[in-house]
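**Student:** So in the working numbering, the last spot in the sequence shown is 298, and the numbers never skip. The C-beta atom is built at its ideal place from N, Cα and C for all residues, glycine as well. This structure is a prediction, so every number in the text was calculated from the model and none was measured.
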Amino acid sequence: MERNVRISLSHWVFIDDTKFFGPGRLELLENIQQTGSIVKAAQQMGMSYKKAWDMVVSLNTLGKSPYVITHKGGQHGGGAEITEAGQQVIEAYKKLGQKLREVADAEQELINLI
Numbered sequence: 185m186e187r188n189v190r191i192s193l194s195h196w197v198f199i200d201d202t203k204f205f206g207p208g209r210l211e212l213l214e215n216i217q218q219t220g221s222i223v224k225a226a227q228q229m230g231m232s233y234k235k236a237w238d239m240v241v242s243l244n245t246l247g248k249s250p251y252v253i254t255h256k257g258g259q260h261g262g263g264a265e266i267t268e269a270g271q272q273v274i275e276a277y278k279k280l281g282q283k284l285r286e287v288a289d290a291e292q293e294l295i296n297l298i
C-alpha cells in the first residue's frame, strides 16, 4: 500500500522564553497588510479584536522597533499599516520557513524508517 509520509515543521521565535513570532502573528501581520485594519484582520482569522490588539502591542513592544502603526479613526475611519521593520520580519520569517521545508523535504532517513 502506497503511503504519503512527510515531515511538517512549525517554527517560533522566542524572546527570553516568551513566544514572540510564529505562524499566527505572521498571519495577523499579513492580514493587517492586506486589509489595512486590525479589526478586519482579526475577523478574517476568527479572532477577537482584543486578542489581535494584544498581539500587535506585544510585537511593537518586544521587537526592536514597531511592526504596526495605527491611525486614529475620524471622518474617513482609522486603520493600521505594517512598518518597514514589520515587512522585513515577515519576509525573513517566510525565508526561514522555506529553508526548514527544504530540510524536512530532503530528510529521507527518518521517512524511510516509518
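According to DSSP, is K279 part of a helix, a strand, or is it coil?
**Tutor:** Looking at K279 - three-state DSSP - the assignment turns out to be helix.
**Student:** Keeping to the same chain, check which residues put their C-beta closer than 8 Å to that of D289; ignore five residues upstream and five downstream.
**Tutor:** Correct list, in chain order: R190, I191.
**Student:** Examine the Cβ distances between the region 265-285 and the region 210-226 and report whether three or more of them are shorter than 8 Å.
**Tutor:** The region 265-285 is in contact with the region 210-226.
**Student:** In terms of alpha-carbon separation, which member of V252, L294, K283 lies closest to A269?
**Tutor:** For A269, the nearest C-alpha among the options comes from V252.
**Student:** Evaluate M185 with the Cβ neighbour count: other Cβ atoms within 10 Å of its Cβ, from every protein chain shown; 16 or more gives buried, anything less gives exposed.
**Tutor:** With fewer than 16 other Cβ atoms within 10 Å, it is exposed.
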